[in-house]
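Let me begin by presenting the structure, written as structure tokens, before commenting on it.
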RNA sequence: GCUUCCUUAGCUCAGUUGGUUAGAGCAUCUGACUGUUAAUCAGAGGGUCCAAGGUUCAAGUCCUUGAGGGAGCGCCA
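Residue numbers (our numbering): 77 to 541.
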């Protein structure tokens, strides 16, 4: 079965053929006209462009036509014809119209005039029907597909890492507890502690904050793997760049050093942006025209420029020499603040920057230690306005160095015994990174709030829909 | 979590120094118009000014508290 969708009719009308019968179904964006002819703008989500349905008022009951309001869903049979009007090449001359579902215009919240993003967020169940969100959701799909295609074409294997975990992976942030306890009656041990032995898994468990540690286990067997799944952070973060539930892509590669890692990250992002330009130009044009006049130019430029590669120490020097007054003073050893990253990316270099070799104190325990004893082979990819889009590193492959670092941080080998086993048995140099999927989408769509690039955002105090 | 701003018609927003009956566009309803492009034109209906309390002769406007939302910062992807 091959059902035609509006995209097929609009993009390749020859498939149906001018003058031939056609059947279309979709949601009404607007109806206009006069006593003799009515024009219905129809959209089925397959493409941002509407298909114009022309209804001769003599052929239809007035009562039927009045039901065709913004938001209603209709089924039309008719003939595909060349359009007499400007603005579209083809249109459907309606023979029959069936109203699947009406939408009382006094109650239907979406109108054909502009709505604010804030208002649309409050009706997240209906906003997929807007042009804007249709574009975002099609781009979101295209990027998800392109991610799988990119890795599959390069021999990476999609590894499914667990969402429920007992490890406090890398201390990446606050975690959501997972339990089947009756919270009004939590079992306690004799000394008053929560008795997790009685819980579902027999130990304290959380929703994952990263699939990386398990990803490394896969890389130490399959060579190159990637994960792509939801990730959870219980941080009380209230910003346009944070979600409590978001999607992350985490490739992990055996025999990749930090330079290989950077090469992959840069190539990967450029591939994804190019994929959007090649496959979703209709959506990008709409977003470019309606929301962000520089969007397409910005995307094209990213595919062409070489990302700046810079050591942390050199970055500190640049910031120290900057004329700009920073709220947070700069000195070697600090974790870079937003204002510092933005200065480097938006003012100094004016293109994406990959920062490497951070002080070990501000990075995670598993990162490969440099010979200077002070820095680790971390890399952060920084993008204009959205900041850190990728964080990664070459991993510490040496068992003793890893153990020493873990002890310095007051952690124990027992917590991560399975992770340490990869360093005990057939350890190998390897690297990986995490790409925030929604942050990628912020860049690709030109949207400015991360809540507008995921269908149903989860943020502090908000889990509606 | 900290700082700050916003909340007026179904939607987007004006509303002066506190002063008569709170306005506009779109949407809705009525009418006009033979091909529109967020159609256009004429008219009509539509308000607990976020909530509670306070100051005042008088509050959409000032103050306090609360709710919801945005932005900046922190945490990070």
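Cβ coordinates follow ideal geometry from the N, Cα and C atoms, glycine included.
Bridge-paired residues (DSSP) for residue i
i: residue 151; result: 101 and 174
i: residue 398; result: In the DSSP output, where bridge partners are listed per residue, residue 398 has none listed.
i: residue 510; result: 467
i: residue 233; result: 301
i: residue 264; result: 270
i: residue 321; result: 308
i: residue 115; result: 108 and 130
i: residue 445; result: 452
i: residue 254; result: 281
i: residue 538; result: 535
i: residue 390; result: DSSP, once it has assigned bridges, lists no residue as partnering residue 390.
Sequence-distant residues of the same chain with beta carbon closer than 6 Å to residue i, five excluded per side
i: residue 355; result: 218
i: residue 417; result: 458 and 463
i: residue 454; result: 434, 439, 443 and 469
i: residue 296; result: 498
i: residue 178; result: 143 and 148
i: residue 347; result: 226
i: residue 428; result: 383 and 459
i: residue 129; result: 116, 118, 152, 168 and 170
Host alpha helix (DSSP H) of residue i (start-end)
i: residue 418; result: 414–418
i: residue 336; result: 334–355
i: residue 85; result: 82–87
i: residue 480; result: 475–484
i: residue 199; result: First-last for residue 199: undefined, no H or E at that position.
i: residue 379; result: 371–380
i: residue 259; result: Run containing residue 259: none; DSSP gives neither H nor E here.
i: residue 139; result: 138–143
Chain-order list of residues whose beta-carbon lies under 7 Å from that of residue i (same chain, five-residue window excluded)
i: residue 358; result: 123, 124 and 125
i: residue 489; result: 479, 482 and 496
i: residue 274; result: 263
i: residue 232; result: 300, 301, 302 and 327
i: residue 136; result: 173
i: residue 210; result: 121, 124 and 204
i: residue 106; result: 117, 146 and 188
Same chain, Cβ closer than 8 Å to residue i, neighbours up to 5 away in sequence not counted
i: residue 94; result: 156, 157, 158 and 166
i: residue 181; result: 145, 146 and 147
i: residue 96; result: 155 and 156
i: residue 314; result: 535 and 536
i: residue 404; result: 410, 413, 415 and 416
i: residue 389; result: 408, 433 and 451
i: residue 350; result: 379
Residue i - DSSP class collapsed to helix/strand/coil
i: residue 109; result: strand
i: residue 77; result: Residue placement at residue 77 is flagged as unreliable, the pLDDT there being 48, under the threshold of 50; a coordinate-derived value is accordingly withheld.
i: residue 185; result: coil
i: residue 242; result: coil
i: residue 519; result: helix
i: residue 501; result: coil
i: residue 293; result: helix
i: residue 331; result: coil
i: residue 364; result: helix
i: residue 128; result: strand
i: residue 487; result: coil
i: residue 91; result: helix
i: residue 315; result: coil
i: residue 410; result: coil
i: residue 210; result: helix
i: residue 133; result: helix
i: residue 422; result: helix
i: residue 169; result: strand
i: residue 61; result: In the structure as shown, the chain starts at 77 and stops at 541, and residue 61 therefore has no counterpart that could be examined.
i: residue 326; result: strand
i: residue 218; result: helix
i: residue 472; result: coil
i: residue 405; result: coil
i: residue 224; result: helix
i: residue 276; result: coil
i: residue 123; result: coil
i: residue 164; result: coil
i: residue 438; result: helix
i: residue 180; result: coil
i: residue 96; result: coil
Extent of the continuous beta strand (DSSP E) run through residue i
i: residue 454; result: 451–459
i: residue 385; result: 384–387
i: residue 431; result: 429–435
i: residue 524; result: Counting along the chain, residue 524 falls outside any beta strand (DSSP E), and DSSP gives it neither H nor E.
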